[in-house]
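Trainee: The following block contains the structure, expressed as structure tokens.
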Amino acid sequence: MADQRSRYLRQVRRLRRGARRWSTLAGTLTGAAAVLTPYHGVGLPDAAWAAAAGGTALLAAWRWADLRALTRQPMPPAETAEQAQARLIATVERFPAGRMAVGEVRRQRSRLALRGSAAAGPWARLDRAAQALAGLAGRLTGAGDEALLEATAAERSLRDLARRVAEIERAVRIAPDESRPSLAAAHARLLAQLDGGVTAYERLVAAAAGYVAEDASPVGDHPSVARLTEASDFLHGVATGLAEFRGAAEWTRAAH
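Numbering (my numbering), first residue to last: 3 to 258.
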């Protein structure tokens, strides 16, 4: 997936190559028609040569016109490093494995940013719970869909709150003495909110796991158990029948 500048330059090169190719072909056909026509007069083959020469010359003119129109347009600006990184990440995230890898890198980066902060513990708990919920997401159908949407919004809000707690914690360290008590109180309040929110999120994940477990638990034995029992009984009956048949054949042979 190329950027706009690369696509522009590639299109210019493609039009230039096409214009040169058609110009060369038009010149060749025109020269052939000019040389062959006087020898044989104007006939059907000469008309074909002339038509081919005219057609290729027209196509060459169109290609040169397209090239001039394109080169009159301003060239797109060069791609910045941030845009290149975003484009690369978007390309990688198109694949499931790439999406998982990018998500893991982002989690590790966020964890490193919170290292040494009081928000690191709740963040790690939230991360574990979010991964557990991601594994259950494909089975949360029906009534579980709404709970999954709420969990996604809550996770985003809690992660933002954790980053805010870490930022305030860094500000407390450099704040003057007269401002430090109020900042410390705000930090403690937000940290308590974060801890309570993560606890509620963990309870939601536990409830989702219980929902999936109950939704997958049939009344009585699992259907696979019943099918295996039926198959075992069938094979046991076949084996018993073969044994009886073999015994009857041996008795008959002994009798004769």
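No residue lacks a Cβ here, since even glycine has one placed at the ideal position from N, Cα and C. All values derive from a computational prediction rather than experimental measurement.
#1: Sorted by chain position, which residues of the same chain lie with C-beta nearer than 6 Å to D68's C-beta, five sequence neighbours on each side aside?
#2: Using 8 Å as the cut-off, can you tell me whether the region 133-151 makes contact with the region 176-183, which would need three or more C-beta pairs spanning the two stretches below that distance?
#3: Excluding the 5 residues preceding and the 5 following A54 in the sequence, name in chain order all residues of the same chain whose CB lies nearer than 7 Å to its CB.
#4: Apply the 10 Å Cβ neighbour rule to L163 and answer buried if 16 or more other Cβ atoms are within range, or exposed otherwise.
#5: Is P124 helix, strand or coil by DSSP?
#6: In terms of alpha-carbon separation, which member of G123, R9, R109, P78 lies closest to G199?
#7: Would you call the CB atoms of E157 and A139 closer than 7 Å?
#8: Going by alpha carbons, who is nearest to A168 out of L151, G239, L196?
#9: Within the same chain, show all residues whose beta-carbon is closer than 8 Å to that of A173, passing over the 5 residues directly before and after it, in chain order.
#10: Determine the DSSP secondary structure at G118, reduced to helix, strand or coil.
Mentor: So, from the data block:
#1: L17
#2: no
#3: L31
#4: buried
#5: helix
#6: G123
#7: no
#8: L196
#9: L185
#10: coil
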